[in-house]
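Q: One structure follows; several queries about it will come next.
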Amino acid sequence: MKKENGKGDELMASNYIRFDWAMKRLLRNKANFAVLEGFLTTLLNEKIVIQKLLESESNQEDEFDKYNRVDMLAENSKGELILIEVQNNNEYAYFQRMLFGTSKLVTEYINRGEGYDKVRKVYSVNIVYFSLGSGKDIVYHGKTEFRGIHQGDVLELTPFQKQTFKVDSVSQLYPEYYILKVNDFNQVARSPLEEWIYYMNTGDIPDSATAPGLDEARQRLKLDKMTKEELNAYYRHLDNIVILRDNIYTERAEGRAEGRAEGHAEGRAEGLMEGRMEEKREMVHNMKSLNIPLDTISQVTGLSIEEIKSL
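According to this note's numbering, the sequence shown holds residues 11 to 321 in order.
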């Protein structure tokens, strides 16, 4: 499909809404659950039926949250919890963030006084639009196993535990993590999961795509189904993403250029620091103009709140 020119066209194909915007605005409608169920079925390799959506941090409505991060918490038909998070901005401690999110769910969704057998299974699905960690793949899966340090064997459940918990392995009792590095996908989609990642990366759904949920996405996530007000808000969302990414890229590039411009080692170090600081000033100014909370600006720039206030 061809792309049309317009606001934020570097982030958007011609016909379909970005996945993060769809999560926040459209997929919360029960009539649209089939789209999300199709994606989760494809990723988890088992039939997923969403029973209901639960409270999550995505209920926040500050401007920064609208384009930087989106999350959705679902409960499937087996009572398991599925946290889906989209992160647009580079976050160096994102691995710890994933751990915090699952730990919080484990403790929040067990009633006081209940036995540990009531701890619910959690899936953490992370769709990241930045370079997270160092690796060659585009999809990573993490789970917990206990392996003997002498024999190398994997600790298994007893037959009684398997029957009681209705699982086959210890790892099925623990949270599982999925990371989709969407920006790293630059090839022809050859599998249902790659078709989903292609859509998340480009905003386009080829006519040949057959992955579960994508046919529903074609019908429900088209731009021409949006009202004028929704479309204007959507374009602002794309523009805000561009602003944030441009600030980050500019800071890195010009900071390095300032360092190279100095003729000796001390000059390079001073130039690098000054270049970075100047770009951070500009970034802070731009983010303040968007009414982004100071603690969020601090997290993105690495500056203290006091420093931010002084700029």
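Here a beta-carbon is modelled for each residue, glycine too, at the ideal position from N, C-alpha and C.
Please read all numbers here as calculations on a predicted model, not as lab measurements.
Does the beta-carbon distance from V149 to L190 come in below 8 Å?
A: Cβ distance < 8 Å, so V149 and L190 count as in contact.
Q: Pairing CB atoms from the region 83-102 with CB atoms from the region 43-62, are three or more of them under 8 Å?
A: Touching, per the Cβ criterion.
Q: Does T174 pass the burial test, meaning 16 or more other C-beta atoms within 10 Å, or should it be called exposed?
A: Under this definition T174 is an exposed residue.
Q: Mind the definition here: the region 24-32 touches the region 240-250 only if three or more C-beta pairs lie below 8 Å; say whether that holds.
A: Short answer: they touch.
Q: Is the distance from the Cβ of Y188 to the Cβ of S134 below 8 Å?
A: A contact, by the Cβ cut-off of 8 Å.
Q: For the beta strand (DSSP E) that contains M136, what are its first and last residues?
A: Before going further, note that residue 136 is Asn rather than Met in the sequence given. Taken as a continuous stretch (DSSP letters only), the beta strand (DSSP E) holding N136 covers 132-138.
Q: Leaving aside the five residues before and after L91 along the sequence, list all residues of the same chain whose C-beta is less than 8 Å from its C-beta, in chain order.
A: Cβ within range, chain order: L64, L83, A84, E85, L115, Y119, R130, K131, V132, Y133.
Q: Using C-beta distances below 7 Å, list every residue in its chain close to E205, excluding the 5 sequence neighbours before and after it, in chain order.
A: Correct list, in chain order: A199, A219, A221, L224.
Q: Roughly how many angstroms lie between the CA atoms of D249 and P216, to the nearest whole one?
A: Going from the Cα of D249 to the Cα of P216 covers about 25 Å.
Q: Once the 5 residues before and after Y209 are set aside, which same chain residues still bring their CB inside 8 Å of it?
A: Around Y209: Y26, F29, I215, A219, L224, A227.
Q: Given a cut-off of 8 Å, decide if T154 and Y126 are closer than it, judged by their beta-carbon atoms.
A: No, Cβ-Cβ distance for Y126 and T154 is not below 8 Å.
Q: From L233, N211, I315, pick the residue whose C-alpha is nearest to that of Q97; which is it?
A: Ranking the options by Cα distance to Q97, first place goes to N211.
Q: Give a yes or no on whether the minimum CB-CB distance between Q97 and chain C is below 8 Å.
A: The displayed structure is made up of one protein chain only, and chain C is not part of it.
Q: Which stretch, first to last residue, makes up the beta strand (DSSP E) that contains A61?
A: For clarity, residue 61 is Gln in the given sequence; the question names Ala instead. Where Q61 is concerned, the enclosing beta strand (DSSP E) stretches over 60-64.
Q: Using the Cα positions of T237 and F43, report the straight-line distance between them to the nearest angstrom.
A: Approximately 21 Å between the Cα atoms of the pair.
Q: Taking only the alpha-carbon atoms, compute the straight-line gap between F74 and S308 and give it to the nearest angstrom.
A: Low confidence applies to F74: its pLDDT is 47, below 50, so where it sits in the model is not reliable, and the reading given next is rough at best. Between F74 and S308, the C-alpha separation is close to 13 Å.
Q: Check whether the Cβ atoms of V177 and L165 lie closer than 8 Å to each other.
A: For V177 and L165, no; Cβs fall outside 8 Å.
Q: Can you list, in chain order, the residues of its chain with a C-beta nearer than 8 Å to that of I137? Leave out the 5 residues immediately preceding and following it.
A: Hits under 8 Å: F29, D30, I94, E95, V96, Q97, L190, V192, M210.
Q: Secondary structure at R79, three-state DSSP: helix, strand or coil?
A: In the structure shown, R79 sits in a strand (DSSP, three-state: E or B).
Q: Less than 8 Å between the CB atoms is what I'm expecting for K298 and T311, so what's the real figure, rounded?
A: Contact flag wrong, Cβ pair sits at about 11 Å.
Q: Give me the Cα-Cα distance between H295 and R107, rounded to the nearest whole angstrom.
A: Straight-line Cα distance between these residues: approximately 27 Å.
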